[in-house]
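J.: Pasting in a structure now, in structure tokens, and then I'll have a few things to ask.
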Amino acid sequence: MVDFKHYTVMRHEAVDALECKDGLVYVDATLGGGGHSELILQKIQPSGQLISFDLDDDAIEAASERLKNYKNLTIVKDSYTNITNVLQELRVNKITGGVLLDLGASYHQLTKAERGFSFAKNAPLDMRFNKDSDFSAFNVVNFYSEADLIRIFSEYGEERFSKRIAKKIVEQRRIKTIDTTGELADLIINATPRIKSSIHPATRVFQAIRIEVNQELTNVKDILEKVLALLADGAIISVISFHSLEDRLVKNFFKYHSQKCRCEKNQMICKCGPPELEIITKKPILASEEEIKTNPPSRSAKLRVSRKLCS
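Written as structure tokens, this is what we have:
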């Protein structure tokens, strides 16, 4: 049995938002340690159906053991971006209950040294959610152009010293490849001025590289569009995000599809159909103070919820 440590963020808030009912079909697009899935399963007995996705072998092994006594569960080792094809193969036409998306990396991924997500523990540059993928943080750091490094550090990490860091990386890899998280973290420290901050100088760059390696923002856009097409009338989508870039995508997606008019500004006559979503959370739900004390990373989590309107 794999040693899998995982804290389920906003477990009750995210699942309660789904208004789970027996007999309906639900999807947990990010299985992780199985905390959300377990609570959904408890609420949809005896004849509800849950389909849970994950790419991480460790997560699947741990969650499978945790959820082994539930018969109405299907665990799929695949990216949630393939949800349309997977549901077709399972002969599921519509998601009648709802979808839960818990975005970002898990505690297990971030803290397991050999996964290479953290600068706190020296390890090979990796950062892959899917260990079967051939593309890793090593490829980004050692083969991306200086311009592309600046772009991802600025866009995905909102790093103000992107140019300095990218230049230093390119200079260093002319001498030898950058192989480990420790090498990269030291390089970032040496490339940036000493300023008072509550976060490590490498935090934003590591986030940016992780997002690039796993195409996280592209995948969020993709899954939201696919889920919208798969939701039955009245079904709910519940999304937990952990940084401003993800949250902005979710917020704007919900806002756009809840509007009566979605025409381009220069279009004279509105030809839009009725709104597709009803926003349930006008402002995002945040983790409780009690949860933040137990699991400090949950302080950045934001939960947004919408309901599919009758088409």
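Residue numbers (our numbering): 38 to 348. For glycine and all other residues, C-beta sits at the position ideal for the given N, C-alpha and C. Quick caveat, the model's predicted, so the values are computed rather than measured.
Under a three-way DSSP split, which group does LYS204 fall into?
T.: In the structure shown, LYS204 sits in a helix (DSSP, three-state: H, G or I).
J.: Between which residues of its own chain and PRO238 is the CB-CB distance below 7 Å, once the five residues before and five after are set aside?
T.: Excluding positions up to five away in sequence, the list reads ILE225, ILE226 and THR229.
J.: Distance, Cα to Cα, LEU78 vs LEU104?
T.: Whole-angstrom Cα-Cα distance: 9 Å.
J.: List in chain order: all unbroken beta strand (DSSP E) runs of 3+ residues lying wholly within the stretch 274-336.
T.: Listed in chain order, the complete beta strand (DSSP E) runs (minimum 3 residues) inside the stretch 274-336 are 314-316.
J.: Grab the span of the beta strand (DSSP E) containing ILE88 for me, first residue to last.
T.: From DSSP, the beta strand (DSSP E) with ILE88 extends over 86-91.
J.: When the Cβ atoms of the stretch 160-179 are set against those of the stretch 121-131, are three or more pairs found closer than 8 Å?
T.: No: the two stretches stay apart, fewer than three of their Cβ pairs being nearer than 8 Å.
J.: State yes or no: is the C-beta of GLY135 within less than 8 Å of the C-beta of SER275?
T.: Their beta carbons are under 8 Å apart, which means GLY135 touches SER275 by this criterion.
J.: Less than 6 Å between C-beta atoms, sequence neighbours within five positions excluded: which residues of the same chain meet that for LYS339?
T.: Same-chain partners within the cutoff: SER278, ASP284 and PRO321.
J.: Could you have a look at GLY70 and say whether DSSP puts it in helix, strand or coil?
T.: Reduced to three states, the DSSP call for GLY70 is coil.
J.: Helix, strand or coil, according to DSSP, for ILE112 in the structure here?
T.: Three-state DSSP puts ILE112 in a strand.
J.: Can you find the residues in the same chain that come closer than 6 Å, C-beta to C-beta, to LEU55, ignoring five residues on each side of it along the sequence?
T.: Here the set comprises GLY135, ILE273 and SER275.
J.: Between which two residues does the alpha helix (DSSP H) carrying LYS263 extend?
T.: Segment 253-267, the alpha helix (DSSP H) holding LYS263.
J.: Determine contact between the stretch 284-293 and the stretch 340-347, defined as no fewer than three beta-carbon pairs at a distance below 8 Å.
T.: Counting Cβ pairs under 8 Å, three or more are found: they touch.
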